[in-house]
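*Asks:* Can you keep this structure in mind? I'll have questions shortly.
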């Protein structure tokens, strides 16, 4: 079966973001961009399923401007077979992303779609669930273990939940969203980075998908959160306990 | 019209997160959105519905009691909520793993762009929510007819319990057979829940091992504290996943947060920087955690923890 992996280009997780002075958003000029970390885990999981003989082709899809090709190339260098860039100059909200991915699913007919559980820019945590709903498929969100069983008819997914872990069984095809402990993504080797340059990337536009991607959320403003300031240093346990009791009054 | 709040529970008792979301729902109601009803969908969960009658500000509890809701599988829960949605202007759930799992599925089926993890209600269509791990706060206005919202529970107080809502049993939907529950492995603990604890002590990579991580127990016992962990500690296998505090783990805001051997990665701070008082214990005086700590102690945690446990006796 084919696996479709959805990946997003975001500000690198190590970058301390800066809010634009005019309150319109976050500064992205001259800022290091990378593949969303959860999407790297998604790509890695698809590659492991291919190595296990469960998946025979991996398609990496990204929605964004031309620069989003970079993260597709990264996925190709990790081991995806080909890429699809759905080009958009504007930010696309999760619901529209899910609709566009549904279009791609209709064209490619994958047996499994794997996505990161959330993008670390908008922190929405919606797209996988929405895609699953639009397709009428089962969803295995926040996955820490994925096993394809019954000859590909079902997926057994262990999920990270608030109280611990939960295992569910999904009818295939299914949508999986990845949590941190699913796997540790590999680094692309130099030969594989060179090979990835020859792998095909098909570019289409949002209008080709027939999806109305106009925003449903109007951003009124983006601002810095209230900052905490460093307090004092204490030099002994006795001093710490005294401060917590008598100054802060929290114990 | 009205607001529908999705209750979270284990078929026996209501999860506290529901009470925080209830406060957000009532605030939205006060913006002219009308009464707040609660959906309790589960199996043999009448006791939960009873408990929900006492939530302040709730007029009606819709009880959907049937086997296919026992484990709150999104594939069965979402169609039930979608069916009810025609009578509501807003659907609200706490931003727990369960709420995050179910609500986007509801939103997509209703063709609504969900607003995730709101921290403030400005009006009946405008909300604040953190983005970029809480390093920016976005104010967003929803242009959709219905509002579908998850609530960051630490941003809203828990609703009181002198309500007198009435329970109405509703007809239940199908088991769509897309997914089934296999098992769960829940962390058993007599300690308070991480997201509602007044005091939390968390360990990081500096704890060194799962064995050493237990050094936190003695202090936690004295303070009746919950125990948390940084992502590094969980990734290293020192602590289970449900201990993780951070951007992608649990967001907490206790009265007192004690960070032990935690350097203070951006994604960890996203989960705890709204705590009232923060204590950092770390031997690296340059650790970023000290920039947000009210009380910092540059010292070896292996010396400090036993001493702290003793001092609290």
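Residue numbers (our numbering), protein chains in the order written: chain C, 63 to 313; chain S, 10 to 322.
Quick reminder that beta carbons are idealized off the backbone N, C-alpha and C, glycines included.
Small disclaimer: the values here were computed from a predicted structure and weren't measured.
Give me the DSSP bridge partner(s) of residue 267 of chain C.
*Replies:* C/149
*Asks:* To the nearest angstrom, how far is it from the Cα of residue 236 of chain C to the Cα of residue 119 of chain S?
*Replies:* 20 Å
*Asks:* For the alpha helix (DSSP H) containing residue 256 of chain C, name the first residue and the last one.
*Replies:* 252 to 258
*Asks:* Run down chain S in chain order and give the residues with a C-beta less than 9 Å from the C-beta of residue 232 of chain C.
*Replies:* For the C-beta of residue 232 of chain C, the chain S residues within less than 9 Å are, from N- to C-terminus, 84, 187, 188, 189.
*Asks:* Chain S partners of residue 299 of chain C, CB-CB under 9 Å?
*Replies:* 306, 308, 312, 313, 316, 317, 319, 320
*Asks:* Between residue 204 of chain C and chain S, is there a C-beta pair that is closer than 8 Å?
*Replies:* With its beta carbon less than 8 Å from one in chain S, residue 204 of chain C belongs to the interface.
*Asks:* Residue 201 of chain C bridges to which residues according to DSSP?
*Replies:* C/237
*Asks:* Measure from the alpha carbon of residue 317 of chain S to the alpha carbon of each residue in C/300, C/239, C/155, then state which is nearest.
*Replies:* C/300
*Asks:* What residues match up with residue 18 of chain S in a beta bridge as DSSP calls it?
*Replies:* S/23
*Asks:* When you check each C-beta in the region 185 to 203 of chain C against every C-beta of chain S, which residues fall closer than 9 Å?
*Replies:* Correct list: 185, 186, 187, 188, 189, 190, 191, 192, 193, 194, 195, 196, 198, 199, 200, 201, 202, 203.
*Asks:* Evaluate contact between the region 240 to 260 of chain C and the region 198 to 216 of chain C, counting only Cβ atoms and requiring at least three cross-stretch pairs below 8 Å.
*Replies:* Output reads yes: the region 198 to 216 of chain C touches the region 240 to 260 of chain C.
*Asks:* Taking all protein chains shown into account, decide if residue 138 of chain S is buried (16 or more other Cβ within 10 angstroms of its Cβ) or exposed.
*Replies:* buried
*Asks:* Check whether the Cβ atoms of residue 46 of chain S and residue 133 of chain S sit closer than 8 Å, and answer yes or no.
*Replies:* Taking a C-beta distance under 8 Å as the contact criterion, residue 46 of chain S and residue 133 of chain S do not qualify as a contact pair.
*Asks:* List in chain order: all unbroken beta strand (DSSP E) runs of 3+ residues lying wholly within the region 66 to 98 of chain S.
*Replies:* Runs of the beta strand (DSSP E) inside the region 66 to 98 of chain S: 67 to 74.
*Asks:* Name, going along the chain, the residues of the region 149 to 182 of chain S whose beta-carbon falls closer than 7 Å to a beta-carbon of chain C.
*Replies:* 149, 150, 151, 152, 153
*Asks:* So the candidates are S/65, S/54, S/226, S/60; which of them puts its Cα closest to the Cα of residue 200 of chain S?
*Replies:* S/226
*Asks:* Which residues in the same chain have their Cβ closer than 8 Å to the Cβ of residue 157 of chain C, if we skip the five residues on either side of it in sequence?
*Replies:* Taken in chain order, the residues that qualify are 188, 192, 278.
*Asks:* Would a C-beta distance cut-off of 8 Å place residue 250 of chain C and residue 140 of chain C closer than the cut-off?
*Replies:* yes
*Asks:* Which two residues bound the contiguous alpha helix (DSSP H) that contains residue 278 of chain S?
*Replies:* 275 to 278
*Asks:* Note the first and the last residue of the continuous beta strand (DSSP E) segment covering residue 44 of chain S.
*Replies:* For residue 44 of chain S, the enclosing beta strand (DSSP E) has its first and last residue at 44 to 51.
*Asks:* What separation, rounded to the nearest whole angstrom, lies between the Cα atoms of residue 23 of chain S and residue 58 of chain S?
*Replies:* 8 Å
*Asks:* Taking Cβ positions only, does residue 296 of chain C come closer than 8 Å to chain S?
*Replies:* So yes, residue 296 of chain C belongs to the interface.
*Asks:* Which residues in the same chain have their Cβ closer than 6 Å to the Cβ of residue 227 of chain C, if we skip the five residues on either side of it in sequence?
*Replies:* 220
*Asks:* If you draw a straight line from the C-alpha of residue 299 of chain S to the C-alpha of residue 109 of chain S, how long is it?
*Replies:* 32 Å
*Asks:* Can you name the residues that DSSP bridges to residue 190 of chain S?
*Replies:* Paired residues: C/230.
*Asks:* Name the residue from S/13, S/288, S/150, S/141 whose alpha carbon lies nearest to the alpha carbon of residue 88 of chain C.
*Replies:* S/141
*Asks:* Give the residues from the region 269 to 293 of chain S that approach chain C closer than 8 Å (Cβ to any Cβ), ordered along the chain.
*Replies:* So the close ones are 275, 276, 282, 285, 286, 287, 288.
*Asks:* Does DSSP classify residue 103 of chain S as helix, strand or coil?
*Replies:* strand
*Asks:* Can you list the beta strand (DSSP E) stretches of 3 or more residues lying completely in the region 140 to 226 of chain S, in chain order?
*Replies:* Listed in chain order, they are 145 to 151, 156 to 160, 175 to 178, 188 to 195, 208 to 212.
*Asks:* Are residue 237 of chain S and residue 254 of chain S closer than 8 Å when you measure CB to CB?
*Replies:* yes
*Asks:* Which bits of chain C does residue 210 of chain S rub up against, with CB to CB less than 7 Å?
*Replies:* Those do not exist, as residue 210 of chain S stays about 11 Å from chain C at its closest Cβ, beyond 7 Å.
*Asks:* Step through the CB atoms of chain S and report whether any lies within less than 8 Å of the CB of residue 218 of chain C.
*Replies:* yes
*Asks:* Could you tell me which residues DSSP pairs with residue 103 of chain C in its beta bridges?
*Replies:* Answer is none; residue 103 of chain C lacks a bridge partner.
*Asks:* Have a look at S/190, S/63, S/161, S/125 and flag the residue whose alpha-carbon is nearest the alpha-carbon of residue 85 of chain S.
*Replies:* The alpha carbon of residue 85 of chain S has as its nearest neighbour, out of S/190, S/63, S/161, S/125, the alpha carbon of S/190.
*Asks:* Using a threshold of 8 Å, state whether the C-beta atoms of residue 70 of chain S and residue 169 of chain S are closer than that.
*Replies:* Cβ distance not < 8 Å, so residue 70 of chain S and residue 169 of chain S don't count as in contact.
*Asks:* If we count the other Cβ atoms within 10 Å of its Cβ and call it buried at 16 or more, is residue 216 of chain S buried or exposed?
*Replies:* Burial call: buried.
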